[in-house]
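Here the protein sequences come in this chain order: A and B.
Quick note: the first sequence, position 36, residue 35 per numbering that gives the first Met the number 0, numbers continuous.
Quick note: the second sequence, position 37, residue 36 per numbering that gives the first Met the number 0, numbers continuous.
Beta carbons are placed, not taken as given, at the ideal position from N, Cα and C, and that holds for glycine.
There are 2 protein chains.
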Amino acid sequence: MNELLDYFKKNISISLEIEDKLKEIIVEKNLVKGELILTNDSLKKEHIFVVSGCLRSFYETENAKEHTIQFAIKNWWISDYMTLYTDHKSVVSIESLTHSKVLIISNYKLEQFYKEFPDFEVFQRKNFEKRIAALQRRILNLLALSATEKYNQFIENYAEFEKIIPNYQIASFLGITPQSLSRIRKEKFKN
Amino acid sequence: MNELLDYFKKNISISLEIEDKLKEIIVEKNLVKGELILTNDSLKKEHIFVVSGCLRSFYETENAKEHTIQFAIKNWWISDYMTLYTDHKSVVSIESLTHSKVLIISNYKLEQFYKEFPDFEVFQRKNFEKRIAALQRRILNLLALSATEKYNQFIENYAEFEKIIPNYQIASFLGITPQSLSRIRKEKFKN
DNA sequence: TTAATTTATTACCATAGGTTAACTTTCACA
DNA sequence: TGTGAAAGTTAACCTATGGTAATAAATTAA
Numbered sequence: 000m001n002e003l004l005d006y007f008k009k010n011i012s013i014s015l016e017i018e019d020k021l022k023e024i025i026v027e028k029n030l031v032k033g034e035l036i037l038t039n040d041s042l043k044k045e046h047i048f049v050v051s052g053c054l055r056s057f058y059e060t061e062n063a064k065e066h067t068i069q070f071a072i073k074n075w076w077i078s079d080y081m082t083l084y085t086d087h088k089s090v091v092s093i094e095s096l097t098h099s100k101v102l103i104i105s106n107y108k109l110e111q112f113y114k115e116f117p118d119f120e121v122f123q124r125k126n127f128e129k130r131i132a133a134l135q136r137r138i139l140n141l142l143a144l145s146a147t148e149k150y151n152q153f154i155e156n157y158a159e160f161e162k163i164i165p166n167y168q169i170a171s172f173l174g175i176t177p178q179s180l181s182r183i184r185k186e187k188f189k190n
Numbered sequence: 000m001n002e003l004l005d006y007f008k009k010n011i012s013i014s015l016e017i018e019d020k021l022k023e024i025i026v027e028k029n030l031v032k033g034e035l036i037l038t039n040d041s042l043k044k045e046h047i048f049v050v051s052g053c054l055r056s057f058y059e060t061e062n063a064k065e066h067t068i069q070f071a072i073k074n075w076w077i078s079d080y081m082t083l084y085t086d087h088k089s090v091v092s093i094e095s096l097t098h099s100k101v102l103i104i105s106n107y108k109l110e111q112f113y114k115e116f117p118d119f120e121v122f123q124r125k126n127f128e129k130r131i132a133a134l135q136r137r138i139l140n141l142l143a144l145s146a147t148e149k150y151n152q153f154i155e156n157y158a159e160f161e162k163i164i165p166n167y168q169i170a171s172f173l174g175i176t177p178q179s180l181s182r183i184r185k186e187k188f189k190n
């Protein structure tokens, strides 16, 4: 709870009233390794803020192949934007990769919070801009880079993640098979 | 100009004062086919609203290969989010694919406009949410689909674009070569 | 600690899609 | 309206990555 407040306070000033309001709408939850917080097939519209640990959102195709949309650690938001803003059933699952602690806010309550606290609206709009930039960069990487290049970029940009996340999930984030990643790693670390 | 106002008015109510302010900060521009409105190498931070015609943002790699980030038609925004929110030089170019008319707003002025007109902030935040959902969907498609499947999705979702946009640019949007796309089209339309 | 399960590696073969290059069609504009 | 350039197609060949399967290593649970 306080972690989210700290995170906000780094960027905007928050009155006690707002603080109380926030505490009211936030649900704290501890997750064990492997626990699913959002399953595909659900209709839940909620935002998840990671206090500690590591989460992953992914999409499972008919042939049981997983595609990782996002990893999230401390101070990151993770949610299924595709169902958040449509009325379709979720196709995305979110799982905890470690023991973790998260804060959950329902989209409905968050919308109300925006209204009561316009500064947060501004803060969030700026967050979204940065996120759009990041997503566009990822798209460019997917379009332009070879498997090896994508992996190198990944360990450069997500050094903190690399130790926590199993390789087959990194592979599913990069759009390659675990076997391919193994091949790449063998080459990379052969000296 | 009025087109942007109409677009806003569909979603939010705008006072005459705000209307005047908008007219003040917007620059209207007509583009001929092939004209570059933003070149890589520039430091311009601006948002482009398409009134008519069709634009494309793309990234050019060292080996002169183009990768299309986005197409935009009437009532769409297009800009280089990666440089908009960093201090790096742009690596992205934006070109007009047809005769088009656009409205340009500098990012600085837009930030001021947000302050003076909080309703627009809300409107924009919601736009960004939808855009994030769309970008995540594109990432999923890039991760999960074969070249043929990506092309089929494209003509389904972007039917209006398909007639305007040359195939080699569609290929560069899907992350495949023009030759590959040709092969796919041959198969698809062979009956 | 051991057994069971999950993850990672390796090898071998298959293939989608890339590359090169020649040819055809379409388009812009002189 | 003709000509040169740009875009699209086709074919032959090639390569990076996928698929399958067997084994090894690591992690989890008992």
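Annotation: the continuous alpha helix (DSSP H) that includes residue 121 of chain A extends over 117-143. Within the region 124-135 of chain B, contact with chain A at the beta-carbon level (separation under 7 angstroms) is assigned to 124, 127, 128, 129, 130, 131, 132, 134 and 135. Partner residues in the beta bridge of residue 76 of chain A, as assigned by DSSP, are A:48. What residue 80 of chain B touches in chain A, judged by beta-carbon distance under 8 angstroms, is 128, 131, 132 and 135, going in chain order. In this structure, DSSP gives residue 58 of chain A an extended state, which the three-state scheme calls strand.
Relative to residue 46 of chain B, the option among B:71, B:77 and B:89 whose CA is nearest is B:77. Using a CB distance below 9 angstroms, the part of the region 109-120 of chain B facing chain A consists of 113, 114, 117 and 120, ordered along the chain. Cβ contact annotation for residue 168 of chain B (same chain, cutoff 6 angstroms, sequence separation greater than five): 67, in chain order. An exposed status is given to residue 15 of chain A, since fewer than 16 other beta-carbon atoms sit within 10 Å of its beta-carbon. At the C-beta level, residue 91 of chain A and residue 126 of chain A stay beyond 8 angstroms of one another. Contact note: residue 38 of chain A does not reach chain B at a C-beta cutoff of 7 angstroms; the least C-beta distance is about 17 angstroms. Per DSSP, residue 42 of chain B lies in no alpha helix (DSSP H) and is assigned neither H nor E. Take residue 174 of chain A, set aside five residues on each side of it, and the residues of its chain with a beta-carbon closer than 7 angstroms to its own are 141, in chain order. Rounded to the nearest angstrom, the Cβ distance from residue 120 of chain B to residue 121 of chain A is 6 angstroms, consistent with a contact under 8 angstroms. Residue pairing for residue 94 of chain B: DSSP places it in a beta bridge opposite B:35 and B:55. The beta carbon of residue 159 of chain A is closer than 8 angstroms to those of 72 in its chain, skipping five residues each way along the sequence. Pairing residue 53 of chain A with residue 138 of chain A, the inter-Cα distance amounts to about 23 angstroms. Under the DSSP assignment, residue 17 of chain A falls in the alpha helix (DSSP H) whose first and last residues are 15-24. By alpha-carbon distance to residue 135 of chain A, the top candidate from B:26, B:83, B:41 and B:2 is B:83.
Between residue 36 of chain A and residue 101 of chain A, the C-beta gap is smaller than 8 angstroms, which places the two residues in contact. Distance between residue 70 of chain B and residue 22 of chain A, taken at the CA atoms: about 42 angstroms. Under the 8 angstroms Cβ criterion, the region 142-153 of chain B counts as touching the region 174-187 of chain B, having at least three qualifying pairs.
For a Cβ distance threshold of 8 angstroms, nothing in chain B lies close to residue 107 of chain A: the least Cβ distance comes to about 14 angstroms. Contact check for residue 41 of chain A against residue 89 of chain A passes: the beta carbons are separated by less than 8 angstroms.
Annotation: residue 124 of chain B to residue 123 of chain A spans about 7 angstroms, alpha carbon to alpha carbon.
If you check the CB distance, residue 56 of chain B and residue 103 of chain B do not come in under 8 angstroms.
Residue pairing from DSSP places residue 69 of chain A in a beta bridge opposite A:56.
Per DSSP, residue 164 of chain A lies in no alpha helix (DSSP H) segment and is marked neither H nor E.
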